[in-house]
Structures are given as structure tokens and as C-alpha cells.
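S.K.: First, the structure itself, so that you have it in front of you.
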Amino acid sequence: MKFVDEYRDREKAEQYARAIRTEATRPWSIMEVCGGQTHTIVKYAIDEILRDKITLLHGPGCPVCVTPLELIDKACEIATRPDVIFCSYGDMLRVPGSHTDLFTVKARGGDVRIVYSPMNALELAKANPTKQVVFFAVGFETTAPANAMAVFQAKQQGISNFSVLVSHVLVPPAIEAVLSAPDNRTQAFLAAGHVCTVMGYEEYRPLSEKYRVPIVVTGFEPLDILQGVLMCVRQLENGRAEVENQYARSVREFGNVPAQDLIGQVFRVIPRKWRGVGEIPQSGFGLAAEFAEYDAELRFGVADLTVEEDRECIAGEVLRGVKKPQECPAFGGRCTPDHPLGATMVSNEGACAAYYQYRRHEAKAAVGSER
Amino acid sequence: MCLAVPGKIESITGERELRSGVVNFGGVQKEINLAFVPEAKIADFVMVHVGFAISVVDEAEATTVLGYLQQMGELGELEELK
Ligand code: SF4
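Heads up: the protein sequence lines correspond to chains A and B, in order.
Counted from 1, the first sequence has number 253 at position 253 by the numbering used here; the numbering is strictly sequential.
Quick note, the numbering used here runs 371 ahead of the 1-based positions in the second sequence.
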């Protein structure tokens, strides 16, 4: 397809890789924030190609992975109710809660449906007036405009049997959490292209200045990532710390203003818990007071449910780039995509799942030889 | 989760939050909400995420990335290194 195939051009990718290796005079650690980028990097072995010069750290960039346990528990609880049609993106179904997952709830007779867009859930609500239709609104800033629109239209059209279970997380506070951690190893960031398509990149400037770290807004194709890395390397080599935009074909400095306007009407910024990381202040969206009637937590009385996380899983350290998936003792053994212990193994954008899919054998060999 | 896919707008109907249209993704057509790209016209490429267009693709910028190495005049230098 136009713009996709061209960005996977092998020869050009090799040219970029050579340029990176030539220009990097010492090793650098660069973190990609988005799980979509992690997937591309591992799939096309970009980290392997650059291995001698660049360490690519995989950041907290998969909303499925960071959705806290209790939200999954709340989702399961709501989905179990007989009058509810629970709608979600497919990758949320297998995320383990503290005792079950949505897939199991569905297998036991819960009406759990996979939808492509929150608008599909809204359509279902119109078509099933005797049922309560609940949409699991997870995601970064990228999915927020769509979810805001579904809630906005529900209110405008007076659809009262629709609600959303909101688990929105925001990228800049996550970057700040990574940078301010005492064990931080990240020297530059590839910022997530589609998050910035919505929000722009103004809000990264203070972060880049405060922590003296280059931040390059980057796309998702192999060439995008390689060019983003090259732009980071150039800044690092020259001692610069600026915000640059590699993904200018989609990202404008101030982002998508109509989308931000609707987000601003429907949501407000709140503190959020991140699975494996803990609570980060001002790091999520919740519904604004005017739209509280569409809040599934309030409607179904599950707002107070809280639970502890599994202690075996090191997903928190993986999410902050402190450890690689194969350093987890459970990796590929007790924890696999079929039986995930932690969320980074569930979604195929999670770092553990990406390593499991493309690197399992080498990872095992490497771990074996270290022992 | 955050991936968006480029497609070409084939038709546009409705206004404001109900503005929508048919977008063609390499042969597969889908009805997409176009409320967030009021500037988009028929034949424009848009990035689409969960049923919503979130930006119009700038074709000139799209070509820039592909030609970046040549533009920086590095291709020559790299050839010499071979
Ligand atoms: S391999 Fe499994 S248990 Fe280990 S960090 Fe990844 S998700 Fe958690």
C-alpha cells in the first residue's frame, strides 16, 4: 500500500543503519515509548542490526500492558452481569486480572464482544435498548478522541444504556517517570508518532530541557525508526537536547486541534495507576463531571475495588527499560502468550510477547550461556 | 493499540461530528469518521485509528523521509566506506 511498502525498503534501511553506526562514536541507549514501535523493532531486528552501537530500551508504551489489575477485575465483574454487553478491543480479552480474564468470562456465558471502534459499541447500544452496553476505553492519547466522540454522541443522541470503563494513560508523565527514576538508563527518546499526531509535541519541550534529553517524534515503519534513531544519535553526539519531528507526514507541532477540543470537553486529567509502575500523578484521563453519567465504574458500583499485583512478574522493570524480557526467570517457561503471568506478555505490542514471538530461541540460548 | 493506517478518502458525507466518508485501504473500503480532519478532501490520504481519521498525510513530507539520506549528501560518503 502507498507509504507502507516504501518505508520497508531494505536497501534504504541498510543505508540508515550504516549512517547510524558511522556517526555514533560511543554506545547510546535510546528508548522507544510505543509498543507499536517495539513490535517493528523486534520484528525487523532493528535492535540486532544496531546492537554494537545502540541499545534500544522498550518503554511503557502499550496501554494494554499498563492497564492496572483492578481495572481488569472491574471489567470482568461488569461483563459477568446478565444485562450487560461488554465491548472491548480484542487484545484486552486475555489480559489476566487477579483471578480471571474477559476471555474466561465470555467462555462462561458473559456477553463479551470484540469491536474495532468505540462507535461500534455505541451502535450496539442503539440496537439493544434493553441491555447495558459498556465499552472498555483503554489507550494512550491516540484513542482518546475516538472514545471522547462515542461519549459525546451518546449524550447528544440521548443514548442512556451506554457507558465507558475508562483506563486512559498519558505519555509525557510516563516519560517523566522513566527519567526521574534513580536507575534510569535512557539517554534519548523516540516519542510515539500517533500520540503526537493527536497531542502535538509542545509538551515534550519542558521535559527535554529539564532532563537534557533528546526527544524525536517518530513513526512506525522500519525506515521511520531508523531515521528517528539517527536523529537521536546526531543530537547525542553534538551534545544537543531538543525535540525534533521525524514523523512530519502525520504530526503537526500543535497536533490535531479539533480532536484535542473534544478530549478537553469529555475528559479531565487525573492521577492513574500503571500496572507494574504504580500511581503516576496527572497521568491519565477520567470522564469530566458533565459526562459522569457515562462512567461505568459509577453506574455498576465498582469504583472502590483495588487489588495487589503479582510479585513474580518483573513487567514493571521491563516497562521502565531497566530489564529486558529474557531476564525474567518466568519468560518462556511459566509465562507464555498462552499462559501470560503479566500484561507485557499478553498484548502482541508488549515487550515480553514481542521477544517471545521473534527472539525466544536466541534469548534462551543467551540466558543459558550466561549461567 | 496506537497503530494508525493510511488510506485514501473516496467520498465524504455529513457535517461536524457526523462528518464521515469511505476510505480505501489498499483495496479494502471502510466507513470512517472524518470529524477530526475537517480540512481533508476527497483523494487525500488520512491516517486512520479505531475508525477515526486523526491526520491528513502530507505527501511532500512522506517523500522527504525516503530521500533523507540522499538529501544530506551522505550517500556518497557511505558508498566510499564500503
Ligand atoms: S515474561 Fe511474563 S512474568 Fe516475566 S516480566 Fe514478562 S510478562 Fe512478567
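C-beta: ideal position from N, C-alpha, C; glycine also.
Since we're looking at a predicted model, the values are computed, not measured.
Give me the Cβ distance between D415/B and V427/B, rounded to the nearest whole Å; I'm assuming they're in contact under 8 Å.
M.R.: About 5 Å separates the two Cβ atoms, so the contact holds.
S.K.: From the beta carbon of Y7/A, is the nearest beta carbon of chain B less than 9 Å away?
M.R.: Closer than 9 Å: yes.
S.K.: Using the Cα positions of T100/A and L69/A, report the straight-line distance between them to the nearest angstrom.
M.R.: If you take the alpha carbons of T100/A and L69/A, they lie about 10 Å apart.
S.K.: Going by beta-carbon coordinates alone, are K155/A and F291/A separated by less than 9 Å?
M.R.: In this structure, F291/A lies closer than 9 Å to K155/A by Cβ.
S.K.: Please list, in chain order, all residues of the same chain as A125/A whose beta carbon is under 6 Å from its beta carbon, the five residues on each side excluded.
M.R.: Correct list, in chain order: V133, I159, N161, F162.
S.K.: Would P337/A and N348/A be called neighbours here (beta carbons separated by less than 9 Å)?
M.R.: Going by C-beta atoms, P337/A is nearer than 9 Å to N348/A.
S.K.: For a test of the three-state rule: what should DSSP assign to P172/A, helix, strand or coil?
M.R.: Helix at P172/A.
S.K.: Would DSSP call T197/A helix, strand or coil?
M.R.: Three-state result, T197/A: helix.
S.K.: Out of curiosity, what's the CA-to-CA distance linking L452/B and V166/A?
M.R.: For L452/B, the predicted model reports a pLDDT of 44, less than 50, meaning its position is unreliable; a value from the coordinates is still stated below. Looking at the two C-alpha atoms, the distance is approximately 53 Å.
S.K.: Hey, does A259/A have any beta-carbon neighbour from chain B nearer than 9 Å?
M.R.: By this cut-off, A259/A is an interface position.
S.K.: Using three-state DSSP, classify E221/A as helix, strand or coil.
M.R.: Of the three classes helix, strand and coil, the one that applies to E221/A here is coil, per DSSP.
S.K.: From V266/A to T197/A, what distance separates their C-alpha atoms?
M.R.: Those two C-alpha atoms are separated by around 19 Å.
S.K.: When Cβ atoms are compared, which residues of the region 103 to 119 of chain A fall closer than 8 Å to chain B?
M.R.: Listed in sequence order: Y116, S117, P118, M119.
S.K.: Leaving out the 5 sequence neighbours to the left and right, which residues in its chain are closer than 8 Å to N386/A when beta-carbon positions are compared?
M.R.: Because chain A here runs from 1 to 371, residue 386/A falls outside it and cannot be looked at.
S.K.: Does the region 173 to 184 of chain A come into contact with the region 270 to 283 of chain A, if we say contact requires no fewer than three beta-carbon pairs (one atom in each stretch) closer than 8 Å?
M.R.: A contact exists between the region 173 to 184 of chain A and the region 270 to 283 of chain A.
S.K.: Residues of the region 399 to 426 of chain B in Cβ contact with chain A at a cutoff of 8 Å, in chain order, please.
M.R.: For the region 399 to 426 of chain B, which is checked against every Cβ of chain A, the residues closer than 8 Å are N404, A406, F407, V408, P409, F416, M418, H420, V421, G422, F423, I425, S426.
S.K.: So, is the C-beta of K12/A closer than 9 Å to a C-beta in chain B?
M.R.: It does: the Cβ of K12/A has a partner Cβ on chain B nearer than 9 Å.
S.K.: On the DSSP letters alone, give me the boundaries of the alpha helix (DSSP H) that S208/A sits inside.
M.R.: Run containing S208/A: 205 to 211, per the alpha helix (DSSP H) assignment.
S.K.: Can you tell me whether F220/A is buried or exposed, with buried defined as 16 or more other CB within 10 angstroms of its CB?
M.R.: Its Cβ being crowded by 16 or more others within 10 Å, F220/A is buried.
S.K.: Starting from L122/A, follow the alpha helix (DSSP H) in both directions and report where the run begins and ends.
M.R.: Run containing L122/A: 118 to 127, per the alpha helix (DSSP H) assignment.
S.K.: Just to confirm before moving on: does the CB-CB distance between I379/A and G286/A stay below 9 Å?
M.R.: The question about residue 379/A has no answer, for chain A in this structure spans 1 to 371.
S.K.: Taking the alpha carbon of I215/A as the reference point, which residue from V33/A, E141/A, A181/A has its own alpha carbon closest?
M.R.: Of the candidates V33/A, E141/A, A181/A, the one whose C-alpha sits nearest the C-alpha of I215/A is V33/A.
S.K.: In chain B, which residues lie less than 9 Å from G224/A when you measure between Cβ atoms?
M.R.: Gly is not the amino acid found at residue 224/A; the sequence shown has Asp there. Ordered by position in chain B, the residues that pass the 9 Å Cβ test against D224/A are V436.
S.K.: Does the distance from the C-beta atom of V394/B to that of A431/B stay below 9 Å?
M.R.: No, the pair does not count as a contact, with Cβ atoms beyond the cut-off.
S.K.: Output the distance between the C-alpha atoms of I41/A and V66/A, rounded to the nearest integer angstrom.
M.R.: About 20 Å.
S.K.: Using DSSP bridges, identify the partner residues of N404/B.
M.R.: DSSP, once it has assigned bridges, lists S391/B, F423/B as partnering N404/B.
S.K.: Beta-carbon separation of A241/A and S29/A under 9 Å?
M.R.: No, Cβ-Cβ distance for A241/A and S29/A is not below 9 Å.
S.K.: Cα-Cα, which of S117/A, F135/A, D183/A, D91/A is closest to D111/A?
M.R.: If we check each option's Cα against that of D111/A, F135/A comes out closest.
S.K.: Less than 8 Å between the CB of L69/A and some heavy atom of the ligand SF4, yes or no?
M.R.: The answer is no for L69/A.
S.K.: Applying the criterion that 16 or more other CB atoms from any shown protein chain within 10 Å of the CB defines a buried residue, is L389/B buried or exposed?
M.R.: Looking at its Cβ environment, which holds fewer than 16 other Cβ atoms inside 10 Å, L389/B is exposed.
S.K.: Cβ atoms of E237/A and E23/A: under 9 Å apart, would you say?
M.R.: Against a cut-off of 9 Å, the Cβ pair of E237/A and E23/A comes out as a contact.
S.K.: Starting from A192/A, trace the beta strand (DSSP E) in both directions and tell me its first and last residue.
M.R.: Looking at the DSSP string, the run of the beta strand (DSSP E) that includes A192/A is 188 to 192.
S.K.: Is T435/B near R249/A, with beta carbons less than 9 Å apart?
M.R.: Cβ distance < 9 Å, so T435/B and R249/A count as in contact.
S.K.: Applying the criterion that 16 or more other CB atoms from any shown protein chain within 10 Å of the CB defines a buried residue, is E450/B buried or exposed?
M.R.: Its pLDDT being 46, under 50, E450/B is placed unreliably by the model, and the measurement read from it follows with that caveat. Answer is exposed; the Cβ neighbour count stays below 16.
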